[in-house]
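The structure appears below as structure tokens.
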Amino acid sequence: MRMELIVFPLLLSATASAGPLEECRSSVGADGDVAACLTLRLQTANEGLAGTERDLRKEMRELDARRGGRKAVPAFERSASAFRNYRSAHCAFIEIRMDNRDEAPLARTACEVQLTDERLTELLIR
């Protein structure tokens with residue numbers, strides 16, 4: 001029962017929010033360039049992620065220095081690498097499984113935007 005109370009609102013919020021593809025379609029209109037919108041969103045998300053990762057690397061180096069260890073930086077690097085590998089593989093899968101081949105590249109880029117935004121949010125929450 002407790003799990004149902006937690007999961008149900010999460011499902012509602014996930015279905016209620018539009019993803020990057022829908023947001024770009026809405027913002028550029030019927031004649032707009034959805035691909036350009038998604039590309040810009042991905043570039044912005046990647047830049048935000050790179051800056052956050054740079055800051056976290058510095059924090060992890062400082063943490064290792066305070067603790068006299070060498071665990072924080074490698075742990076962060078493994079996490080960052082695992083995210084990049086997952087994003088690449090998962091979004092390639094999303095593209096391949098699309099029935100509409102014209103939409104497939106858009107779906108892949110939207111997937112990359114979505115996962116990058118989620119990763120950035122996770123890294124910023126401490």
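In UniProt numbering, the protein residues as written are 1 to 126.
The C-beta atom is built at its ideal place from N, Cα and C for all residues, glycine as well.
Nearest-angstrom Cα separation, counted from residue j out to residue i
{"i": "serine 27", "j": "leucine 21", "result": "10 angstroms"}
{"i": "alanine 50", "j": "glutamate 122", "result": "14 angstroms"}
{"i": "aspartate 64", "j": "glutamate 77", "result": "13 angstroms"}
{"i": "valine 73", "j": "asparagine 100", "result": "42 angstroms"}
{"i": "threonine 15", "j": "phenylalanine 93", "result": "Confidence at threonine 15 is low in this model, with a pLDDT of 41, below 50, so its placement is unreliable and the value that follows should be read with caution. So the two alpha carbons sit approximately 21 angstroms from each other."}
{"i": "glycine 29", "j": "threonine 44", "result": "21 angstroms"}
{"i": "lysine 71", "j": "threonine 52", "result": "19 angstroms"}
Span of the alpha helix (DSSP H) around residue i
{"i": "arginine 126", "result": "Per DSSP, arginine 126 belongs to no alpha helix (DSSP H) and is neither H nor E."}
{"i": "aspartate 55", "result": "34-67"}
{"i": "arginine 101", "result": "Taken as a continuous stretch (DSSP letters only), arginine 101 belongs to no alpha helix (DSSP H), as it is neither H nor E."}
{"i": "arginine 70", "result": "Taken as a continuous stretch (DSSP letters only), arginine 70 belongs to no alpha helix (DSSP H), as it is neither H nor E."}
Residues near residue i in its chain [Cβ-Cβ closer than 6 angstroms; skip 5 each side]
{"i": "phenylalanine 83", "result": "Arg119"}
Contacts around residue i, its chain only, beta-carbon distance under 8 angstroms, and the 5 residues preceding and following it disregarded
{"i": "proline 105", "result": "Ala35, Glu95"}
Flag this pair as touching only if the stretch 106-122 and the stretch 82-91 have three or more C-beta atom pairs under 8 angstroms; answer yes or no.
Yes, they touch.
Any contact between the stretch 24-39 and the stretch 95-114? By contact I mean 3 or more CB pairs, one from each, below 8 angstroms.
Yes, the stretch 24-39 touches the stretch 95-114.
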